[in-house]
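Protein chains in written order, with my numbering: chain A, 16 to 149; chain B, 16 to 149; chain C, 16 to 149; chain D, 16 to 149. Below you'll find the structure, written out as structure tokens, and then a few comments.
There are 4 protein chains.
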Amino acid sequence: MSKAKVETVDTRDKAGEFFKCTDEERAVFEAGIKLGGIYHQFIGATVSPENVDHLEKTMVNGITVQPFVEHVEAHIDRTELKEKRDPYDYITVTGKMLDVRITTRYGTARTVCRLRYIDELRYPLMYIEKVERV
Amino acid sequence: MSKAKVETVDTRDKAGEFFKCTDEERAVFEAGIKLGGIYHQFIGATVSPENVDHLEKTMVNGITVQPFVEHVEAHIDRTELKEKRDPYDYITVTGKMLDVRITTRYGTARTVCRLRYIDELRYPLMYIEKVERV
Amino acid sequence: MSKAKVETVDTRDKAGEFFKCTDEERAVFEAGIKLGGIYHQFIGATVSPENVDHLEKTMVNGITVQPFVEHVEAHIDRTELKEKRDPYDYITVTGKMLDVRITTRYGTARTVCRLRYIDELRYPLMYIEKVERV
Amino acid sequence: MSKAKVETVDTRDKAGEFFKCTDEERAVFEAGIKLGGIYHQFIGATVSPENVDHLEKTMVNGITVQPFVEHVEAHIDRTELKEKRDPYDYITVTGKMLDVRITTRYGTARTVCRLRYIDELRYPLMYIEKVERV
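Structure (structure tokens):
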């Protein structure tokens, strides 16, 4: 499979001159940065039935404000969250619990990338679901 | 100044045997752990007018669920938060912006500890505001 | 400018089926993940004349072991590192101090990406220096 | 058990006026801060046979430079470290792998505190091994 790609500079992008790449490459690079950052930011964070909603919104809004992000969905698996039985009985965020999908747009390109734990790989995979011309 | 201190074991504390200290020492130690953790957890997090409330609640609830915490207040300074002018114009949490106060209780001791940027020290200081017998 | 791109699957890549993209897009995505992660991992870390070498090597080796990385260089600016004058006089890593360059390879594509503070942008920029066919 | 405690101000401590506590409480509080910080700093870090030594030294030196620390030992369990078989086969630091012991000193008090995974608690416990008058 083969695609023709273009390189443009988003008029809002004062850093555009530093990038030697197509719009599609830029869009997926920006998504990779956000996913790599969110992972290291939130792994190990304390999560409970009381703060899980706020934690999701903190993630979504924290990514949305970053460059070239159009849309973000973040879901933390609640299966293991439960009432505390003793002071040491609390949960921290692991790679298994996160499902984050980010849509980025740069110039003529839009991409959807995702962080999700893949059971058969036993790995929290960050992957590219879609790259499209807009 | 001199105080007599006691050592007890909180009945909920299945880890009590590991600690060789007074209740007061235990209470401030637990507060120190939480403040040290919250600092490294949230420094560098993206913060905006949209997510600052969620970020504060994430902090409060994330600490509250940890061992021997009675009460938590967290405030993020909003002075620098503003509308974005371009994609690179966003703010991340720094030590100057955080004000977090934690009340911990262990056995007969209660302590109030705080993280706050002290202008004259130019340092985000974690300190012990109060230690009391309850 | 326009380039034809190809999509292959690296034979070592058991996650290849999840990616809908060209080799070039995959290579820059992998680089973005690593740069985004390293930034959030090390911002705020305590750095001194004694541990700055180890910190650089920890970064380099920690990235090198991740998927599809061929080469890593990491440099922490030592300008602000100095002898301590009092207990509160120590330095933590900021975005201004880091210069990290990562070469990733996927299938037929190789890319060089970089994290570096750009004075005129006043921003620690992550950017794509080169994308090439190999 | 009961101990008489004293409050002094370390002459190097320009923040001393903010603390309302004994030297012993101060010493354990400082240890708690460092242990809480190191945990959140290094959990999730990529670790391999090549970088595990540097990671330990980065921890030790990073803590040693902080206020009122006399001595630090850090050990990362190497049992799970091994040769990579495929790109996704790498290890990140978990609470089970860390054993960190910190000696802090404030005024007339010295304390030894530790982070270690306790099998019977299934918890990475931070605890106070010793508090002594010096």
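From the three backbone atoms N, C-alpha and C, an ideal C-beta is built for every residue, glycine too. Keep in mind the model is a prediction, meaning the values are calculated, not measured.
Under a Cβ-count criterion, where at least 16 other Cβ atoms within 10 Å of its own Cβ denotes burial, should residue i be classed as buried or exposed?
i              : result
R27 (chain C)  : exposed
L70 (chain A)  : buried
D101 (chain A) : exposed
T61 (chain A)  : buried
R120 (chain A) : buried
R41 (chain C)  : buried
V43 (chain D)  : buried
P139 (chain D) : buried
K49 (chain B)  : buried
R125 (chain D) : buried
V149 (chain D) : exposed
L136 (chain A) : exposed
M16 (chain A)  : Here the model assigns M16 (chain A) a pLDDT of 38, short of 50, so the residue's position is not dependable and the matter cannot be decided.
E147 (chain B) : exposed
R93 (chain C)  : exposed
E32 (chain C)  : exposed
E39 (chain D)  : buried
E98 (chain C)  : exposed
E22 (chain B)  : buried
E45 (chain B)  : buried
May I ask you to list the residues that DSSP assigns as paired with residue i?
i              : result
R125 (chain D) : D:R120 and D:E147
L113 (chain B) : B:I91
Y132 (chain A) : A:P139
T61 (chain C)  : C:T107
H86 (chain B)  : B:T118
Starting from the beta carbon of residue i, find every residue of chain A whose beta carbon is closer than 7 angstroms, and list them in chain order.
i             : result
F83 (chain B) : P102
Taking Cβ-Cβ distances shorter than 8 angstroms, what residues in chain A pair up with residue i?
i             : result
A46 (chain C) : F44 and G47
H55 (chain D) : G59
In chain B, which residues lie with their C-beta within 9 angstroms of the C-beta of residue i?
i             : result
Y58 (chain C) : Looking at the sequence provided, one finds Ile at residue 58 (chain C) rather than Tyr. Neighbours of I58 (chain C) on chain B, chain order: I58, G59 and T107.
Would you kindly report the start and end of the unbroken alpha helix (DSSP H) that includes residue i?
i             : result
V43 (chain C) : D38 to F57
D28 (chain B) : Careful: D28 (chain B) lies outside any alpha helix (DSSP H) and carries neither H nor E.
N66 (chain A) : Segment: none, N66 (chain A) is in no alpha helix (DSSP H) and carries neither H nor E.
Taking 8 angstroms as the cut-off, is the C-beta of residue i nearer than that to any heavy atom in the ligand COA?
i             : result
V87 (chain B) : Among the components of this structure there are no ligands whatsoever, and the ligand COA is therefore not found.
Starting from residue i, find everything on chain C with Cβ-Cβ shorter than 9 angstroms and list it in chain order.
i              : result
L136 (chain B) : Y103
V146 (chain A) : K35, C36, T37 and E40
Report the neighbours of residue i on chain C: residues whose CB is nearer than 8 angstroms to its CB, in chain order.
i              : result
M141 (chain A) : F44 and I48
K99 (chain D)  : V80
In chain D, which residues lie with their C-beta within 8 angstroms of the C-beta of residue i?
i             : result
K72 (chain C) : N66 and H69
Mind pulling the chain B residues with CB within less than 7 angstroms of residue i?
i             : result
G77 (chain D) : Per Cβ cutoff of 7 angstroms: no residues; G77 (chain D) is ~11 angstroms from chain B at best.
Using a C-beta cutoff of 9 angstroms, does residue i count as contacting chain G?
i             : result
V62 (chain A) : Absent here is chain G; the protein component of the structure consists of chains A, B, C and D.
Exercise. Given a limit of 9 angstroms on CB to CB distance, which residues of the region 17 to 41 of chain C reach chain D?
Worked result: D25, R27, D28, K29 and A30
Problem set entry | Where the region 107 to 122 of chain B meets chain A: residues whose CB sits under 7 angstroms from a CB there | none
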